[in-house]
Structures are given as C-alpha cells and as structure tokens.
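Q:
Protein chains: 2
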Amino acid sequence: MAYFPDAPEYTKLSDHKEGMDNFSLRKVLSDPKRFDEFSVFLDGVLFDFSKHLITADIKYDLMSLARSMNVEDMRDAMLRGEKINNTEERAVLHTALRAPKDASVLVDGENVIPFVHQVLDQMKLFSDAVRSGAHTGYTGKPITDIVNIGIGGSDLGPRFVVDALVDFCSGPKVHFVSNVDGHDISSALAKLSPETTLFIIASKTFTTEETMLNAAVAKQWFLKTAPVDAIAKHFVALSTNKDDVLKFGILEKNMFPFRDWVGGRYSLWSAIGLSISLAVGFDNFRALLDGAHAMDDHFENTPIDKNIPVIMALLGVWYVNFWNYPAHLLLAYDARLAKIAKFTQQMDMESNGKAVDRDGNIVDYATGPVIFGEPGTDSQHSFMQLVHQSPTPIPADFIICKKPSHHLKDNHNCLMANFLAQTRALAIGQTLDEAESDTSRVFTGNRPTTSIILPELTPYTLGLLIAAYEHKVFVQGVIWNLNSYDQPGVELGKKLAKPLRSAIETKKIDPSFDGSTKGLLDFLTK
Amino acid sequence: MAYFPDAPEYTKLSDHKEGMDNFSLRKVLSDPKRFDEFSVFLDGVLFDFSKHLITADIKYDLMSLARSMNVEDMRDAMLRGEKINNTEERAVLHTALRAPKDASVLVDGENVIPFVHQVLDQMKLFSDAVRSGAHTGYTGKPITDIVNIGIGGSDLGPRFVVDALVDFCSGPKVHFVSNVDGHDISSALAKLSPETTLFIIASKTFTTEETMLNAAVAKQWFLKTAPVDAIAKHFVALSTNKDDVLKFGILEKNMFPFRDWVGGRYSLWSAIGLSISLAVGFDNFRALLDGAHAMDDHFENTPIDKNIPVIMALLGVWYVNFWNYPAHLLLAYDARLAKIAKFTQQMDMESNGKAVDRDGNIVDYATGPVIFGEPGTDSQHSFMQLVHQSPTPIPADFIICKKPSHHLKDNHNCLMANFLAQTRALAIGQTLDEAESDTSRVFTGNRPTTSIILPELTPYTLGLLIAAYEHKVFVQGVIWNLNSYDQPGVELGKKLAKPLRSAIETKKIDPSFDGSTKGLLDFLTK
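Sequences listed follow chains G and F, in order.
Quick note, our numbering runs 272 ahead of the 1-based positions in the first sequence.
Quick note, our numbering runs 272 ahead of the 1-based positions in the second sequence.
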C-alpha cells in the first residue's frame, strides 16, 4: 500500500470531509467529555487536540489510514536501523543518539550505541574543560565566546536550543554564523577577541562551501594576532573528514564525529550539539537527550490512537490532503522559543517538501505544508488577522509554559489569557449577532488548533517537544510515501551556483545562460 | 466595479491561465529581449520581473484589470487624503510623513504637512541631544542604551530598520521589547543600567495592554535605584494620550505625537521611528523618508505598466487568484535584511488577510497570501527543498545588494552566485535527462521569482524598497475590494482575552467557556 489515495480509508475520509458542512467546533466543544477524549499527557506535558475538525469516527479512520500505510512497521524499521533513507541507502537513527548506554541498535551488524556514547563522553570532557577554565586560549585566558560556524542542520538546531535554554546558559556566550553573506561573520567577529574565542567548524564533510568560506575568514582573523600553533586551542571540528580537519590545524582529539545515519536536520543530538553542551553544560545536554528519548519511547510503545506524534501527523494529513489547507502555523507564547518555527521549517519542509515518492513516481497529492510562525502575543498584532479571517484557514500549534522563569505575574497572566483567547477565538469565531451586525467583524471560527502546555521550559521538556515534531514529520512522510531524509533541492542549487560563481569571477558570461540571468549578472558585475 | 471576478479581464486572465500548460520559462527566457522588456529601474534599484509566468498579453490584461478596478483613482484618493479606511473613517497618509516641507495634503481642510515637519523637527532635536550627550541620564552619564517598548506596528518597523541599517548605527544601542511574555523584558533589562538607559513607550493610545504592562515593569525596575523625578530624563512617549503620558511622569516635550491617519503597520516613518533616528541619526532617518518618497513619486506618476508596486501587486493577484498559489516568499540574500519577512508579514497579512469586502460582503475569492522568509543562503539549506520541488509552487522575491559593506570578496561572490543560481534553478528546473534518469532529482521549474538588486544598502534604498511593498499591498487591497487599513482580528483577540484573564486571576472558571478552554485553564491554574 504505497499510494495513499488508494487506501480504503482515503475514500472514507473524503466522505467525512464532504459531510462536515455543518460541523461546528463551537457546538462540539460544549461537550464536557471532549477535552478528556482528545487530549494526551506525557511526563506532565499536555497536548490538547480537542479543538480540531474531527469526530471520534474521523479519528478512528485516520488511525486506520496510518495502519494501512504501514506507519507502525516503518517506525519499527527506522528504530531498528533499517536503511529507510532509500535514495542514499542509509539508516535514519537520530533516536540512537539519545538512547541509553545499554541499548543496542545494529547498523550493518555493528551496535552503534557504544560509538554514540564514546562521542558523548568526548563532548562531556571538552565541555567540562572549557567551562571550568581548564581549557584556555593561547594566552592562558579562559574562553568567553564560542562561534559555531555551520549552515542548515549544523546551525538551526543548536541555535534554537541555545536560545530556548537561555535560563540554563552558564558557560561561554555562543554566537552562530551560518550565512555566506560576509555581513554575518564580519559582524560576529567585530565583537570578539581572538584570545578568548573558540570556533566550532560544523560540517560533516568539511567541504560545505558556505561553512568553509566562513571558517577561512575566521582563521584569517584569528591569525592576524595569534600564532599558527594557537589554532589547536581555538578551533574544533564537528566532522568526519579527518584529513581536511588536520590540514586546517585542528587536533584529532578536537574532532567530534558522527555517522551517515544522522541527517543534518536531525543532528542537534549528535556532535553537532557541542555548542549546546558548552553553553548549558553537559548534564543539561544529557537531559535534553533524555527528554527526546522519552518521546521516542512513547512513539514506539503507545497505541497509535494515544500516540502524540502520530496524532499530530494525521491531523496534518487531514488538513493538507482533505481540506486543502496549505500552511501550518507554530505560535510559541514564550519569547525563549522564538526560533521554533525557523527550526521546524527546515525539519518539516526539507523532509517532506517533495514531489517524487519512494518509488520514483511524481505524486499527484499535496505533500508538506508551508511552516511559519513568530512568537505570540507579538503575532496577534501582526499576521493573526489573516489567520482569523482569511478564506483559507491555517491550522496552528500554540505552545506555552505553565511556569515562567521570571516573577512578573501580571505579564504571565496576560500571556496565558491571550494564549487561551486566541485558540478560543479561532475555534468559536464571532457571529454577526455578536459583532453587533458589523459584517467586517464576523469571524467564521472552525479554525483548528493544538494547544501544547509544558509545565516549564527545561532541557527535558524541550527535548521531548522537538522529538514530537521529528516523529510527526516521519509519520507524514510514510503516509505520503516520501523519503523524508534526502534533499535533492540543495544539490540542484549547488550544481547551478558553480558556473555562475565562475562567471562572476571571470566576468565572462556563458552564452547558454538564460536572458534574465545574463541581465542580472551584467548588473551585478559591471 | 467592485467585485473583481466580474471584471471583463478576469475571464480573459482565466483563459490565459488555461492556455498555459505548455508555457515554459526555460523557453521564454531564451529570448534576449525579455529581460529588458520585463525589468524596471528606479534610482539605481533593479526590479527584474522577467522570470514570471507571464507574456506581454497577460501583462497587458493584468494592467487592464487594474484600470477596471480603479487602482489609479483609488491611489490618487489615498494620496489626496480621502478617508479610504472606510470602517474607521480615516485617511491613510503614511505618504504624507515622507513628503517634502512644501507639499500640501488636506485632511478635513487642514494641510497636515506642517504638523508632520514639526514632529520631525522635534525628533531631530531630541535625537541630536541624546546622541551628542547633551541629554544625559539623571546621574549625568550619557545614554548608552535605548529600549523601545511597543508591539505590532510600534515594534516591527523600527526593529527591522535598525537591524538593516547596522552599518549606520552610530548612536546608543537600541533594544526592542514587544512580547507581554515576561521573559522578553526581563532578559532585556538584565543587561542594562538605569543610569544610562532611555525608554521609549510606543503606544498611540497609551493603553495597549502588552506595552503598558512592560512599561510598568520598566518603570518599577528603574525606580529601584533612581528617584521619581528622574523619569523625565529616562522615559519618552510616542503617543497622543497626553493625560496618561503626563501621569506616567513623562514631560510633554518628550511626547512625540502622530495622527489617526497613520496606521500602526505603516508608522515607522512617523514618531514611531524615533528609535531609528536615535540609532542612525536624524539625517539618515530623513534619507530613509526620502527613499520612500521617491517610491511614492514613482507610484503616483509612472504609467502603471512600468509602475513597480503595481506590477508586484498584479503578479501577486495573478498567482493567488488564477494559479491558486497560497504563499509568497521573501528571501533577502543579505544578513542585514534578516527581519524583512517578519516585518512584511504584518504589513501584508494584517492588511489583506480579510474575508469581508469594503461593501460588507463575504468574499468568495482568495485574498492575501501567507508571507514568510528567512535569509538566503541559509534558506537553501532549510526550506528551499519544498520551494523547488513541492507540488504547489511558491512565488518568491529575491533581494540582494550589489555592493556589501564588508571586504570579503569570496563570500560576496559566492552569495551572488547562489542568488542567481536559485532563481535560475526555480525557473528552468532540471529535466530527467539532466538528472541522469534519477526521478527524485527532477525539478519541474516554471517557478516564478522577482529579483531585486539594490546598488547598496543605505537608508535611501531601504526606504524605497519598503515603500514598494506598502504600495503593492495597497494595490492588491483595491483589486480584492478590501479595506487594507483596519484590523478586526486584533480586536476580537482583545475582547476574548478579558474574561480569561479574570478567570486566571480569580481561579473562577466561567461555566459558559468551552470544554477545551476549561481543561486548559484548569491545567494552567491548578
């Protein structure tokens, strides 16, 4: 069963959708049992799915669809280490990165868990040394600043997590440089001193063009004042390309490896998370892994009708394929989670933003939605107007922490009230009567949302939350029959950039370029 | 002609769309004349529209549609000061804020230009005093930090511009606090000293709940060490509510007013821009206004087929209504413009994310798209996979500066090459042959983009660029027959938050709340 519109539940769900003209969230939410029926708790984190355009029957058929599409088998295959990344013939094992020491996951006959923990030990040692001041800069001063140079998965995960865990940041200040735009690295370096700065070069192959250009700029900047042998104390690599890492001047013991079964957008749990461990300390990094592992465990062992990532995924499929809702909104009512949408954009859109299925067929159904979001309450004074009123609804996840890390009670009460008010307004809308006959203030309501409440924002709850989104994306990929773990779009961009860079450098315009490119090139280089 | 599907051009355009199955950007871009035909320059800024799914005929019919929908008349009515914000009975005159001193725009018989320039003079005086050190804190020290407390339009515009003009920032460091989430203000204050910090409270009515809560926190923090009469030196207001401003302890001369014909999302040009003027100096702020005025002038006086905002708007309508493309992407290949999508999201989605037209009818056509974006090249390693390959294309604007403010030539060449490569890849795709028969690497191409090249990023070019988007949104609002200048969605959220805040504070749950809200409230307050 690989073509999901052929699944028997597809027709059933289409029929359900047809019959929903009179479905009213306002009405069904008056049922006092609905909240209990449609909400799930895990380790004190609440996921409320009751404000969705579903009935018990629809939920049942969505679950059947998941079974028809072999979601459970595929999940087990992934967790077992099978090579489900079929185009690249790789296993997909970010779950192994957060497994306990006594676990066993075989890849090509090798249990990879000892390797995982060996790298974790290496990360702990190094983090402890830098944070305690045992590892100093070349003039003996402690490291005060860290610059993580990486792009895509080598940047977005650590950047989001370090930002989110601001209350746990007790180590050096971490800066992130990703863009090849020279304004990025030059503004970062302007604030720093070579004596007290440590650079992390995060590139599995140590050949990523943007990252290596920025690494070269950092090295040049460093060597303006420091001697060459000081590189060993100020540069580390998250990479597996030993030759090039050593050539750069980095010591082998400061090279933190990871395997080919860690995809970039799922890599913050690997050596790529070194900046996190340096910022918040290794114990907190371990707690992040533990939270993710708790979600892995839930995902593996909970029946799918109470399985958080499965429910999230199926609701997404319900809206994307049966309601034709093309976007999905992430709204964290927490300034610390400001980058969650930026992070999830990559994880989701790069995984499932595809048009060719696992069997090489062009799909004729919608795949991944556009993911976007900014923090609430800010968004209420920005794009929420469209979310409340535009003809095409946008399903949304609302996220909040029950207990903040500050003591501003009025602020937090106001925040919670707005969190509740927005999901309520989206669900129930405002009738013409309630709008006092002003049609411009009529809201249809029936706009679906998930509410997620963390008891508080800790490494553990954050890990659990991120893993929920990872598995959601996996389940959707299975239903859409996509390989969620390759990224041919990135390759295409690289391939086309090469001759253009050469044209810029030589000022020779290839006659085979298209007319627009020629015109732009001419303007940029003249 | 208010219902645009009734316009004769609507049928013509629908027919064009039907006939485009064989339209190929790869093919039309081989025409060497196309670039000249479809690109427009203004003050050295290039807008290239040649990579769009249009022919000369389609462009002609789009222009006729604009004429049928009275775009030119409505434009002139707006610029003349007519009350085109019909639900609130207000003029819409952000263009007056950047008009020269000798201009004349009448609102209710009063020429508003002298008032505009009087406030500009007040802003100049104050900015000069703070920046020169003539205005000091209460202990005689110069102001080193400014905290702008505002939300929505009182935050997003200045935040984006101050960030973008980083190379011109020569004054105190500006921090922005918007979210009522207490983590926002508490993390901002943690870095500051009361002796050297100036607070700007930006709220037209001085009653915006989020802003006033944060202002109260700031005041309390300030008064922990400073005497009450020091408030006069450390707090200023961007507001028109004199009574409450004075009550807060702010001097009348430090109250910077603006009129009701300045909508929040179009207000960075008004007193709301004070933080910009403090950061970059008044002369640069004036240059920003001048750039916007140049675009106003172009918008007013250029025939619509060469009129940049009109072309941008009609292309958007073409994709939203005839191709059913629901999103629009903004990609700045410049780290300094990182917040352009966040800013434009409000301007566009709050303006046209509406379902009720000017005549009070529920519309049955799509209105504003979802706007999103992050900087390139980062995005290439993130969500661009979906943009290249997903079944539903997403039109995009690509923005770059020819001349950077740094000297990292390799970085800039790589950036330019990627900028060109992405738009080229989106346009021409990759055939099965070019993909060496690997279907997973087939790209359909035919994905439309606009390329915008600024000679360099200055206050002037930035002002011009922002004004282009403002007028684009205006033109689309006219075609969709919307009032782009109210925001009923914001009001609905406020209305529903009130009883919820009271329920949180009293722990008394109103039995009329829906079941989900009750469950969430219970969890949040127990």
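In this text, a Cβ means the ideal position worked out from N, Cα and C, and glycines have one as well.
Beta carbons nearer than 9 Å to chain G: which residues of the region 658-672 of chain F have them?
A: Hits within the stretch, in order: 658, 659, 660, 661, 662, 663, 664, 666, 672.
Q: Whole beta strand (DSSP E) runs in the region 395-471 of chain F with 3 or more residues, listed along the chain?
A: With a minimum length of 3 residues, the continuous beta strand (DSSP E) runs that stay inside the region 395-471 of chain F are 417-421, 445-449.
Q: List the whole-angstrom C-beta distance separating residue 793 (chain G) from residue 775 (chain G), where the pair is believed to meet the contact cut-off of C-beta under 8 Å.
A: Sure, about 6 Å apart at Cβ, within 8 Å.
Q: Under 8 Å by Cβ, that's how I've got residue 353 (chain F) and residue 379 (chain F) pegged, so tell me the actual separation to the nearest angstrom.
A: Right, their Cβ atoms sit about 5 Å apart.
Q: Relative to chain F, which residues along the region 642-654 of chain G have a C-beta separation below 7 Å, given in chain order?
A: Correct list: 642, 644, 646, 647, 649, 650, 652, 653, 654.
Q: Under 9 Å between beta-carbons, which chain G residues line up against residue 398 (chain F)? List them in chain order, please.
A: Residues of chain G passing the Cβ test: none, with the nearest at roughly 26 Å.
Q: Under a three-way DSSP split, which group does residue 738 (chain F) fall into?
A: Three-state result, residue 738 (chain F): helix.
Q: Since residue 756 (chain G) sits in a beta bridge, which residues does DSSP pair it with?
A: DSSP output for residue 756 (chain G) lists no bridge partner at all.
Q: Could you name the residues of the same chain whose beta carbon sits closer than 6 Å to that of residue 347 (chain G), not counting the 5 residues immediately before and after it, in chain order?
A: Hits under 6 Å: none found.
Q: Considering only the alpha carbon of each residue, which of G:439, G:465, G:469 lies closest to residue 462 (chain F)?
A: Of the candidates G:439, G:465, G:469, the one whose C-alpha sits nearest the C-alpha of residue 462 (chain F) is G:439.
Q: From what residue to what residue does the alpha helix (DSSP H) around residue 479 (chain F) run?
A: Neither: residue 479 (chain F) is in no alpha helix (DSSP H) and is coded neither H nor E.
Q: Output needed in chain order: residues of the region 619-631 of chain G with a Cβ under 7 Å from some Cβ in chain F.
A: Flagged, chain order: 621, 622, 625, 626, 627, 628.
Q: Leaving out five residues on either side along the sequence, give the residues of the same chain with a beta carbon under 7 Å from the beta carbon of residue 634 (chain G).
A: The residues are 627, 628.
Q: By the 8 Å beta-carbon criterion, what residues does the region 597-609 of chain F contribute toward chain G?
A: So the list reads 598, 599, 605, 606, 607, 608, given in the order they occur along the chain.
Q: Using a Cβ-Cβ cut-off of less than 9 Å, list which residues of the region 746-763 of chain G approach chain F; keep chain order.
A: Residues passing the 9 Å Cβ filter: 755, 758, 759, 760, 761, 762, 763.
Q: When you check each C-beta in the region 469-486 of chain G against every C-beta of chain B, which residues fall closer than 7 Å?
A: You won't find chain B in this structure, because its protein chains are G and F.
Q: Note the first and the last residue of the continuous beta strand (DSSP E) segment covering residue 361 (chain F).
A: No beta strand (DSSP E) contains residue 361 (chain F), which DSSP labels as neither H nor E.
Q: Please confirm if residue 697 (chain G) has its CB atom under 9 Å from at least one CB of chain F.
A: Answer yes: the Cβ-Cβ gap between residue 697 (chain G) and chain F drops below 9 Å somewhere.
Q: Beta-carbon of residue 682 (chain G) versus every beta-carbon of chain F: anything under 9 Å?
A: It does: the Cβ of residue 682 (chain G) has a partner Cβ on chain F nearer than 9 Å.
Q: Run down chain G in chain order and give the residues with a C-beta less than 9 Å from the C-beta of residue 441 (chain F).
A: Those within 9 Å of residue 441 (chain F) in chain G number zero; the least Cβ separation is about 11 Å.
Q: Measure how close the beta-carbons of residue 314 (chain G) and residue 587 (chain G) come, nearest whole angstrom, since I'm counting them as under 8 Å.
A: Rounded, the Cβ-Cβ distance is 17 Å, inconsistent with contact.
Q: Quick one: residues in its chain with C-beta nearer than 7 Å to the C-beta of residue 622 (chain F), no 5 flanking neighbours on either side, listed in chain order?
A: Same-chain partners within the cutoff: 537, 759.
Q: Can you give me the Cβ contacts of residue 532 (chain F) inside the same chain, cut-off strictly under 7 Å, excluding the 5 residues immediately before and after it?
A: Hits under 7 Å: 362.
Q: Measuring CB to CB, does residue 653 (chain G) end up less than 9 Å from residue 606 (chain F)?
A: Not closer than 9 Å, so no.
Q: For the region 413-446 of chain G, list every residue whose C-beta sits within 8 Å of some C-beta in chain F, in sequence order.
A: The region 413-446 of chain G vs chain F, Cβ under 8 Å: 423, 424, 425, 427, 428, 438.
Q: Under 9 Å between C-beta atoms, does residue 519 (chain F) make it to chain G?
A: No, residue 519 (chain F) does not count as interfacial toward chain G.
Q: Does DSSP classify residue 488 (chain F) as helix, strand or coil?
A: The answer is helix: DSSP assigns residue 488 (chain F) an H, G or I state.
Q: Taking the alpha-carbon positions, what's the residue 604 (chain F) to residue 671 (chain F) distance?
A: Each residue's Cα considered, the two are about 5 Å apart.
Q: Assuming contact is defined by CB atoms lying nearer than 9 Å, are residue 582 (chain F) and residue 571 (chain F) in contact in what I supplied?
A: For residue 582 (chain F) and residue 571 (chain F), yes; Cβs fall inside 9 Å.
Q: Under the DSSP definition of a beta bridge, which residues are partnered with residue 346 (chain F)?
A: Per DSSP, none; premise fails for residue 346 (chain F).
Q: Using CA coordinates, which residue listed in G:394, G:419, G:551, G:798 is at the minimum distance from residue 780 (chain G)?
A: If we check each option's Cα against that of residue 780 (chain G), G:798 comes out closest.
Q: Strictly below 9 Å CB to CB, what residues from chain G border residue 787 (chain F)?
A: Those are 300, 301, 302, 303, 304, 305, 306, 307, 308, 322, listed as they occur along chain G.
Q: Going by DSSP, which residues form a beta bridge with residue 762 (chain F)?
A: Note: residue 762 (chain F) sits in no beta bridge, so no partner.
Q: Here's the rule I'm using: 16 or more other beta-carbon atoms within 10 Å means buried, otherwise exposed. How should residue 704 (chain G) be labelled?
A: The residue in question, residue 704 (chain G), is exposed, as its Cβ has fewer than 16 Cβ neighbours within 10 Å.
Q: Evaluate contact between the region 413-423 of chain F and the region 461-481 of chain F, counting only Cβ atoms and requiring at least three cross-stretch pairs below 8 Å.
A: Enough Cβ pairs lie closer than 8 Å, so yes.
Q: Going by the CB atoms, is the gap between residue 388 (chain G) and residue 548 (chain G) shorter than 9 Å?
A: For residue 548 (chain G) and residue 388 (chain G), no; Cβs fall outside 9 Å.
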